[in-house]
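Participant:
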């Protein structure tokens, strides 16, 4: 679902590497070896553990999901499409890894004006049957009319229940149109969906795309940010959901899957995300 981003060398790793090399230099240098040898040993040991010292308070590795999960969040979920192939939602719902389970799932419904996801009907039906909060998302194409895309999305999704999550529009590319044209058509999509179902959709986007093209233009909408940099959530302070990994493994899902967190607890999740609470 998320745009591909260049890997950023984390600041914590730079600090770790600097201290590590400094400790080795001091320890091996004949002029300073005897005087500072005890301190070098301490620095060396500290450097070896610095990365864990920095990241452990924020993350914990959960082997069942094959990734680190942010520590302070308790509402975890996934987003899926045909890329995940056929999903066994029974296994997804039963998975518990170090006390963490999948609470919600956003399923791709449509893209542009004429592409419907071939697994959407199955994912919608089976995720709801297994008590996983369901939501639908549309991959937005800025070169296409926003209102027409909204109609296509709504017709494909069908009726939404009070227990379903608010719909999402996924915007990641300009499609060779100007930023202002993209924003105009995106707003047309958002307005049309809201007028049809009575709730504001949420906007999903990458951190860089948000900063470059969206920040300051959609202040009344929930924001779902994708940012995979270790130790940081996003430059956007008011995110509602954060996609922190695209390499998780989940029982019942072939291959890798995106993992997300909601900013608050379960009660806050229901009030912020479920259609019946809006």
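Residue numbers (UniProt numbering): 1 to 278.
Where is the CB? At the ideal position from N, CA and C, for every residue including glycine.
1) Suppose you measure from the CA of residue 98 to the CA of residue 176; what does that come to, to the nearest Å?
2) Fully enclosed by the segment 136-205, which alpha helix (DSSP H) runs are 4 residues long or longer?
3) The alpha helix (DSSP H) spanning residue 122 covers which residue range?
4) With a Cβ-Cβ cutoff of 9 Å, do residue 204 and residue 170 count as a contact?
5) Quick check: what's the CA-CA separation for residue 158 versus residue 183?
6) Considering only the beta carbon of each residue, do residue 103 and residue 266 sit closer than 9 Å?
7) For residue 88, which residues in the same chain have their Cβ closer than 6 Å to its Cβ, ignoring the five residues on either side in sequence?
8) Assign residue 59 to one of three DSSP states: helix, strand, or coil.
9) Which residues in the same chain as residue 82 place their Cβ atom closer than 6 Å to its Cβ, once the five residues preceding and following it in sequence are excluded?
10) How far does the beta strand (DSSP E) with residue 262 in it extend, from its first residue to its last?
11) Using only the alpha-carbon positions, how far apart do residue 135 and residue 260 sit?
12) Looking only at its own chain, which residues have a Cβ that is under 8 Å from the Cβ of residue 142, when we skip the five neighbours before and after it?
13) Taking the straight line between their C-alpha atoms, what separation do you get for residue 110 and residue 152?
14) At what residues does the beta strand (DSSP E) containing residue 68 begin and finish?
15) Using only CA atoms, which one of 84, 106, 62 lies nearest to residue 100?
16) My assumption, with CB atoms under 8 Å, is that residue 245 sits in contact with residue 228. Please give the rounded CB distance.
17) Taking residue 1 and residue 250 to be in contact with their CB atoms under 8 Å, please state how far apart those CB atoms are, rounded to whole angstroms.
18) Whose C-beta lies closer than 7 Å to the C-beta of residue 271 among residues of the same chain, with five residues either side of it excluded?
Facilitator: Well, looking at it:
1) On the chain shown, position 98 is the one that residue 98 refers to. On the chain shown, position 176 is the one that residue 176 refers to. Approximately 45 Å, taken between the alpha carbons.
2) 146-157, 179-197
3) Taking the first residue of the chain shown as position 1, residue 122 is located at position 122. Run containing residue 122: 120-129, per the alpha helix (DSSP H) assignment.
4) Counted from its first residue, the chain shown places residue 204 at position 204. Counted from its first residue, the chain shown places residue 170 at position 170. Yes.
5) Counting from 1 along the chain shown, the entry for residue 158 is found at position 158. Counting from 1 along the chain shown, the entry for residue 183 is found at position 183. Their Cα atoms are separated by approximately 26 Å.
6) Here the question's residue 103 lines up with position 103 in the chain shown. Here the question's residue 266 lines up with position 266 in the chain shown. Contact: yes.
7) Taking the first residue of the chain shown as position 1, residue 88 is located at position 88. For residue 88, where only same-chain residues beyond five positions count, the Cβ hits under 6 Å are 252.
8) Here residue 59 is taken as the residue at index 59 of the chain shown, counted from 1. In the structure shown, residue 59 sits in a strand (DSSP, three-state: E or B).
9) Residue numbering aside, residue 82 sits at position 82 when the chain shown is read from its first letter. Once the five neighbours on either side are set aside, the close Cβ partners of residue 82 are 117, 118, 119.
10) For this step, residue 262 is matched to residue 262 along the chain shown. From DSSP, the beta strand (DSSP E) with residue 262 extends over 257-262.
11) Start at 1 with the first residue of the chain shown, and residue 135 comes out as number 135. Start at 1 with the first residue of the chain shown, and residue 260 comes out as number 260. Going by the C-alpha atoms only, they are around 13 Å apart.
12) In the chain shown, residue 142 corresponds to position 142, counting from 1. Once the five neighbours on either side are set aside, the close Cβ partners of residue 142 are 171, 173, 174, 175, 177, 181, 182, 185, 186.
13) By one-based count along the chain shown, residue 110 stands at place 110. By one-based count along the chain shown, residue 152 stands at place 152. Rounded to whole angstroms, residue 110 to residue 152 spans 8 Å at the Cα level.
14) Position 68 of the chain shown holds residue 68. Note, residue 68: beta strand (DSSP E), 67-70.
15) Taking the chain shown and counting its residues from 1, the one referred to as residue 100 is at position 100. Nearest of 84, 106, 62 to residue 100, Cα basis: 62.
16) The residue labelled residue 245 in the question sits at position 245 within the chain shown. The residue labelled residue 228 in the question sits at position 228 within the chain shown. 6 Å between Cβ atoms; contact.
17) On the chain shown, residue 1 is found 1 positions in, with the first residue counted as 1. On the chain shown, residue 250 is found 250 positions in, with the first residue counted as 1. Actually they are not in contact, since the Cβ atoms of residue 1 and residue 250 sit about 15 Å apart, beyond 8 Å.
18) Within the chain shown, the letter at position 271 stands for residue 271. Once the five neighbours on either side are set aside, the close Cβ partners of residue 271 are 277.
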